[in-house]
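Take a look at the structure below.
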Amino acid sequence: MMELESSGWDVIVAGGGNAGLCAAIEAAETGARVLILDAAPKPYRGGNSRHTRNFRCMHRGPLSVLTGSYGEEEYYDDLLRVTKGKTDEDLARMTIRMSEECLPWMEAHGVRFQPSLSGTLSLSRTNAFFLGGGKALVNAYYNTAEDLGVSVVYDASVGHVVIENGRFTGLEVDISGKTHLIEGQALVIASGGFQANTDWLAEAWGPAARNFLIRGTPYNRGRILRDMLDQGAESVGDPTQCHAVAIDGRAAQFDAGIVTRLDCVPFSIVVNRDGQRFYNEGEDVWPKRYAIWGRIVAAQPEQVGYAIIDSKAVNDFMPSVFPPETADTIEGLAQKLGLAGNALAETIREYNAACRPGTFDGTDLDRLSTQGIEPPKTNWARPIDTPPYFGYELRPGVTFTYLGLRVDRTAQVQTGNGPLSNVWAAGETMAGSILGEGYLAGFGMTIGTVFGRIAGQEAAKYVA
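Numbering (the numbering used here), first residue to last: 1 to 464.
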């Protein structure tokens, strides 16, 4: 570990993921003396950003790897649909508009992009994919930060933010079992949500939360968030709202990452442990609806679901890291999944009878729908009748929580007595300001990049 100085820092950034790195780089480019404190050990630095793949970006014409155009109104309409209107329009539109200038900034700071994958993703116009994934983005930013003289301490968990008379003065930081008081002139909080804190999840959700799997870093435990809320910082967002997708039930408890996500849902039927369907699997295209399925499965008995497909659908989606269970009969598949064979067979018989003729198109809404059953399936509804049959167990996989710190357009943290004069927040720790519910693919990285840059600029301006 570097020899840590207890004072003399201009800007301290709590959190070493995308948002914190953007803040640190912006501040350091002004000549500020910047320190990043990351709760993770160095091999796991980067928070949830390690698991990301892309950045959703407005653009008025072709831009880098992005094709066509993706304007503010279309982008905002997409956001309204997934959040059901639960967003701060001013902050959302600002984020959308600023995303266009962020992409060239990212490239100028070492991030490389690649064209989007083909098939079910269909994002070449809206989302720019990182060459090498999120880990490559994180490493590029750390290299840039190091070149700018930013200091980084890993395994550094912030336990308390010292606030005196509405102003930040220092942090109590646990490093290698010892508490240090580190003083600075300005603070950027970019320490994520509380999704890795199972006890806090259970406070919000009840005992069901103990069955959730955590897709992201195990180090986002919400210590700073809880401390700030206890000190009067205003909260935003619902503690039960989160970015939660349906992932393979065989995934690890923590840090499962993006490879455990199951993209088969639109082309399957999904049943609960009783073999009953419970939601429209074909509601919308993947980028807009995949993130609702974690919450939907969480509401089922034992927080589990099962996606069932036949051999017609097996090549229509990105394969999972784990192979599916397979059998030549529905009853045989049910046995492997631990379901009642007669119940699953009856559900599939009713579903098959409700499927209407039409032309299947796995890349867009095809209106191939069911008729006469509840819930309906409004797109991609083909009979499940061609063996072998395949099944995946689904469980809720939480990426990040939406309860966070309320900020304004300058990313400044708000309290009941007005803003804290020298504290800003960026990334998942304030994303609930814009994401009231639901999720839009790549938008978390957009929020983190836009508000990380703003927070770093504002903190440096304050110091200057």
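For glycine and all other residues, C-beta sits at the position ideal for the given N, C-alpha and C. All figures in this text were calculated on a predicted structure; none of them were measured in a lab.
Residues of its chain near residue i, where Cβ-Cβ distance is below 6 angstroms and the 5 sequence neighbours each way are ignored
i                 : result
phenylalanine 134 : Per the sequence shown, residue 134 should be read as glycine rather than phenylalanine. So the qualifying residues of the chain are Ser49, Arg50, His51, Thr52.
leucine 187       : Ile12, Phe168, Val423
glycine 119       : Its pLDDT being 49, under 50, glycine 119 is placed unreliably by the model, and nothing is read from it.
alanine 530       : The question about residue 530 has no answer here: the residues shown for the chain are numbered 1 through 464.
valine 259        : Val321
alanine 298       : Pro396
alanine 140       : Gly110, Val111
glycine 47        : Gly17, Gly192, Thr217
serine 151        : Leu35
glycine 15        : Ala190, Ser191
proline 419       : Gln412
leucine 339       : Gly275
tyrosine 219      : Ala39, Ala40
glycine 442       : Asn54, Phe55, Arg56, Asn127
Run of the beta strand (DSSP E) containing residue i, from where it starts to where it stops
i                 : result
valine 162        : 156 to 164
arginine 93       : First-last for arginine 93: 89 to 108, but that is the alpha helix (DSSP H), not the beta strand (DSSP E).
leucine 35        : 34 to 37
phenylalanine 130 : 127 to 130
Residue i - partner residues in DSSP beta bridges
i              : result
leucine 187    : Ile12, Val423
aspartate 174  : Ser157, Thr179
histidine 243  : Phe400
histidine 59   : Tyr70
leucine 394    : Asp248, Gly305
glycine 358    : Looking at the DSSP assignment, glycine 358 forms no beta bridge with any residue, so it has no partner.
alanine 233    : Thr415
threonine 370  : Cys355
arginine 261   : Ile247
isoleucine 214 : Val398
alanine 327    : Tyr389
arginine 167   : Glu164
aspartate 310  : Tyr389
leucine 405    : Ser235
arginine 277   : Val271
Straight-line gap, residue i to residue j (C-alpha atoms, nearest Å)
i              : j                 : result
glycine 132    : proline 383       : 38 angstroms
isoleucine 36  : glutamate 350     : 57 angstroms
glycine 404    : glycine 237       : 6 angstroms
arginine 97    : isoleucine 447    : 11 angstroms
leucine 79     : serine 7          : 42 angstroms
glutamate 107  : leucine 440       : 22 angstroms
threonine 378  : leucine 137       : 38 angstroms
alanine 343    : arginine 215      : 31 angstroms
asparagine 417 : methionine 94     : 25 angstroms
glycine 166    : phenylalanine 212 : 37 angstroms
arginine 221   : alanine 345       : 43 angstroms
tryptophan 105 : alanine 291       : 28 angstroms
valine 463     : isoleucine 247    : 44 angstroms
glutamine 303  : valine 398        : 13 angstroms
arginine 33    : threonine 401     : 31 angstroms
tyrosine 75    : glycine 61        : 14 angstroms
alanine 394    : valine 245        : Note that residue 394 is leucine in the sequence shown here, rather than alanine. Between leucine 394 and valine 245, the C-alpha separation is close to 9 angstroms.
glutamate 183  : tryptophan 9      : 7 angstroms
aspartate 147  : glycine 31        : 12 angstroms
Delimiting residues of the alpha helix (DSSP H) encompassing residue i
i              : result
asparagine 139 : 133 to 147
proline 387    : It is not in any alpha helix (DSSP H) - proline 387 carries neither H nor E in the DSSP assignment.
glutamate 437  : From DSSP, glutamate 437 is part of no alpha helix (DSSP H); its letter is neither H nor E.
valine 270     : Not the alpha helix (DSSP H): valine 270 falls in the beta strand (DSSP E), residues 269 to 271.
alanine 462    : Checking the sequence, you will find tyrosine at residue 462 rather than alanine. Run containing tyrosine 462: 443 to 463, per the alpha helix (DSSP H) assignment.
asparagine 18  : 18 to 28
tryptophan 380 : Run containing tryptophan 380: none; DSSP gives neither H nor E here.
aspartate 199  : 198 to 205
valine 297     : 293 to 298
Any C-beta of chain D under 8 angstroms from that of residue i
i            : result
glutamate 73 : Of the protein chains in this structure there is only one, and it is not chain D.
Close Cβ partners of residue i (< 8 angstroms) along its chain, the five nearest in sequence each way excluded
i            : result
arginine 356 : Leu368, Ser369, Thr370, Gln371, Ala381
arginine 406 : Ala233, Glu234, Ser235, Val236, Val413, Gln414, Met430, Ser433
proline 375  : Arg277, Phe278, Tyr279, Asn280
lysine 84    : Gly436, Glu437, Gly438
alanine 23   : Val11, Val13, Val188, Ala190, Trp424, Ala426, Gly452, Arg453, Ala455, Gly456, Ala459
proline 301  : Asn272, Arg273, Asp274
Own chain residues within Cβ distance below 7 angstroms of residue i, not counting five before or after
i             : result
glycine 332   : none
threonine 198 : Ala209, Arg210
glutamine 114 : Val65, Phe129, Leu131
Contact test: residue i Cβ vs the ligand GTP heavy atom, cutoff 7 angstroms
i         : result
glycine 8 : You won't find the ligand GTP in this model; it holds no ligand whatsoever.
Does the stretch 426 to 436 touch the stretch 189 to 200, meaning 3 or more C-beta pairs lie closer than 8 angstroms? Yes, since at least three Cβ pairs between the stretch 189 to 200 and the stretch 426 to 436 fall closer than 8 angstroms, the two stretches touch.
Three or more beta-carbon pairs under 8 angstroms between the stretch 311 to 331 and the stretch 260 to 278, yes or no? Flag = yes, the stretch 311 to 331 and the stretch 260 to 278 touch.
Touch check for the stretch 162 to 181 and the stretch 69 to 86: three-plus C-beta pairs under 8 angstroms? Verdict: no, contact absent.
Segment contact, 8 angstroms Cβ cut-off, at least three pairs: the stretch 334 to 353 with the stretch 249 to 259: Taking a cut-off of 8 angstroms on C-beta distances, the stretch 334 to 353 does not touch the stretch 249 to 259, as fewer than three cross pairs fall below it.
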